[in-house]
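Scroll down for the structure; my scribbles are underneath it.
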Amino acid sequence: MYKALGKQRLIYRSRIASYVKAGLIDQAIQVFDEMSQSDCRMFSVDYNRFLGVLIKNRRFELSEYYYDSMNPRGFSLNSFTYSRFISGLCEVKNFELIFRLFDDMDRLGIVPDIWAFNIYMNLLCGVNLVDEALKVLRIMREEGRDPDVVSYTIIISGLFRVKRHDEAVQMWKIMIKEGINPDSKACRALVLGLCNIGKVDLAYELTVGDMRGKAEKLIDKMERSGIQPDSYSYNELLKGLCRAKRVDNAYVLLVNKMEAKGFVDVVSYNTIIKALCKAGRSKRAYKLLGEMGRKGIAPDMVTFTILIDAFLKEGNSILAKGLLDQMTKMSLFPSLALGLIKEKKLSLACGVWDQMMEKGFTLDSYSSETLINAINLKEVPEVTTAVFPVFLAYVSLIVGNAGMSPLTIVLMNGMCNGVKFRLLGHRICPPLA
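All residue numbers for the sequence shown refer to full-length UniProt numbering, where the first residue is 1 and numbers rise by one.
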């Protein structure tokens with residue numbers, strides 16, 4: 001009889017496994033119910049496997065039901081299944097059940113895996129319950145689960161999020177003291193947090209070294225310890241230095257540190273070029289454009305927009321025109337014009353559009369509609385309603401050539417009734433004969 005029941009148990013397990021493999025979870029649940037109501041003896045492993053399937057498929061209500069029915073029968077989950085259960089519940093923020101699971105584990109002497117602790121702390125920090133997350137960090141140590149770099153990164157980010165900056169820095173120092181090497185994500189959390197509050201020097205010192213060259217030993221020590229900020233962290237440091245009006249320090253960082261590590265890209269140069277232009281050093285910024293070319297880093301639309309805007313504000317139309325010519329060769333003209341419109345720099349956008357038309361560029365439907373919408377929201381010198389017939393002729397021509405949508409036609413009629421026409425006119429299509 002016992003052999004027969006053992007054989008039947010194997011059949012049940014095989015059927016459940018087949019249904020799960022085929023993705024037929026409801027059928028697997030039915031077979032499990034049959035098994036639990038039969039004369040076959042069940043083991044904790046059956047509940048652990050089954051709840052693992054339910055958790056994986058996000059059947060959390062059913063998971064709770066079977067978990068509750070399991071305990072009176074003397075079964076319990078193992079550490080791995082508890083950890084999976086907690087991690088899944090963190091996704092749906094079911095704090096009530098999470099608390100109950102932790103209480104049950106504490107009563108049974110079971111400790112979750114470190115990744116489950118980390119996921120739970122991340123949830124707590126995400127809803128600004130940082131003090132609770134710190135308690136979990138303490139419990140981890142007490143339960144013999146030493147925090148890893150992920151644990152500390154979560155806590156550091158959470159402390160910065162609630163503006164407890166000093167505690168975040170202290171947590172970083174504790175991590176280093178315990179011999180845990182920060183990875184790129186840990187460096188990023190620290191750099192972002194400190195740069196956002198203007199503490200660029202401290203961010204640099206803790207992750208790279210002292211920017212004034214007074215702590216080369218610190219740099220060597222950190223590199224030996226494996227502290228290696230990634231490209232994103234370095235670019236955030238650049239932004240922080242530029243916001244602090246220390247653009248020369250930012251350039252030194254770019255050349256001496258980032259370049260050697262292969263972290264310099266167009267974003268890095270755009271950050272410094274923008275800061276130089278803002279400081280009235282547009283000629284120095286222009287030289288960096290040449291430097292980018294020599295280093296094989298292609299400028300993008302953002303690069304040209306920054307420089308052209310700066311030179312036009314200074315009244316240096318010669319250099320601005322030269323940059324526009326350079327953009328023509330790179331086919332960046334339409335992107336620049338659209339970018340300027342989105343930044344609400346309408347006069348400059350119209351100037352670029354004029355240059356486009358002189359060089360034979362045509363407007364597609366999207367570009368035309370963007371310009372029309374922008375002008376419709378801007379105050380434009382009024383013209384008389386005598387232009388209305390001509391304006392309708394423009395509409396007919398545009399609809400025929402550019403596929404303008406009916407909504408745009410309504411907007412254009414609204415402008416004409418408004419009457420916003422003078423600025424739009426020749427930029428949409430050539431004058432009619």
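Each residue gets a CB set at the ideal place from its N, CA and C atoms; glycine is no exception.
If you're wondering where the values come from, they're calculated on a predicted model, not measured in any experiment.
I need the DSSP call for residue i, collapsed to helix, strand or coil.
{"i": "P72", "result": "helix"}
{"i": "A393", "result": "Low confidence applies here, because A393 scores a pLDDT of 38, under 50, leaving its location unreliable; read the following figure in that light. Three-state result, A393: helix."}
{"i": "D148", "result": "coil"}
{"i": "D230", "result": "coil"}
{"i": "S38", "result": "coil"}
{"i": "V20", "result": "helix"}
{"i": "V130", "result": "helix"}
{"i": "G240", "result": "helix"}
{"i": "E379", "result": "Here E379 scores only 41 on pLDDT, less than 50, and its place in the model should not be relied on; the value that follows carries that caveat. Note: E379 maps to coil in three-state DSSP."}
{"i": "A310", "result": "helix"}
{"i": "residue 492", "result": "Nothing can be reported for residue 492: it is not among the residues displayed for the chain, which extend from 1 to 433."}
{"i": "A279", "result": "coil"}
{"i": "R246", "result": "coil"}
{"i": "A28", "result": "helix"}
{"i": "N77", "result": "Here residue 77 turns out to be Leu, not Asn, going by the sequence shown. Looking at L77 - three-state DSSP - the assignment turns out to be coil, as it is neither helix nor strand."}
{"i": "A298", "result": "coil"}
{"i": "N94", "result": "coil"}
{"i": "G322", "result": "helix"}
{"i": "G315", "result": "coil"}
{"i": "D104", "result": "helix"}
Pick from the options: whose alpha carbon is nearest that of residue i?
{"i": "V302", "options": "D265, G280, A279", "result": "D265"}
{"i": "C40", "options": "Y67, Q8, G23", "result": "Q8"}
{"i": "I308", "options": "K321, D300, P299", "result": "K321"}
{"i": "V130", "options": "R161, E143, D146", "result": "R161"}
{"i": "R243", "options": "K261, K283, C195, R284", "result": "C195"}
{"i": "M35", "options": "D46, D26, L62", "result": "D46"}
{"i": "V92", "options": "Q170, E61, P72", "result": "E61"}
{"i": "K283", "options": "M292, P299, F311, K257", "result": "F311"}
Apart from the five residues just before and just after residue i, which ones in its own chain have a Cβ nearer than 6 angstroms to its Cβ?
{"i": "N122", "result": "I154"}
{"i": "P389", "result": "Per-residue confidence for P389 stands at a pLDDT of 37, beneath the threshold of 50, marking its modelled position as unreliable; the derived number appears in the next sentence. Once the five neighbours on either side are set aside, P389 has no close Cβ partner at all."}
{"i": "S157", "result": "A189"}
{"i": "Y234", "result": "M258, F263"}
{"i": "V53", "result": "V20"}
Under 7 angstroms Cβ to Cβ from residue i, same chain only, skipping five residues before and after it: list those, please.
{"i": "G126", "result": "none"}
{"i": "D183", "result": "V149"}
{"i": "K274", "result": "I306"}
{"i": "Y286", "result": "L307, L319"}
{"i": "S79", "result": "I110, V111, P112, D113"}
{"i": "L288", "result": "Y269, I272, I273"}
Exposed or buried, what is residue i when buried is set at 16 or more other beta-carbons lying within 10 Å of its beta-carbon?
{"i": "V255", "result": "exposed"}
{"i": "K217", "result": "Any reading at K217 needs caution, since the residue's pLDDT is 40, under 50, leaving its predicted position unreliable; the model's value is listed next. Classification of K217: exposed, given that the 10 Å Cβ count is below 16."}
{"i": "Y251", "result": "buried"}
{"i": "F304", "result": "buried"}
With a CB to CB cut of under 8 angstroms and the five nearest residues on each side skipped, what residues in its chain are close to residue i?
{"i": "L108", "result": "S76"}
{"i": "I297", "result": "V264, D265, V266, Y269"}
{"i": "V136", "result": "F117, Y120, M121, L124"}
{"i": "F85", "result": "L51, I55, S63, Y67, L77, L101"}
{"i": "P406", "result": "Unreliable positioning characterises P406 in this predicted model, as indicated by a pLDDT of 46, which lies under 50. The coordinate reading is nonetheless provided below. Nothing meets the Cβ criterion."}
{"i": "Q27", "result": "Y19"}
Can a CB atom of chain B be found closer than 7 angstroms to the CB of residue i?
{"i": "V111", "result": "Here chain B cannot be found, since the structure has a single protein chain."}
Compute every distance between the C-beta of residue i and the non-hydrogen atoms of the ligand SAM, then say whether any falls below 6 angstroms.
{"i": "F32", "result": "Within the structure as shown, the ligand SAM is missing, as the structure has no ligands at all."}
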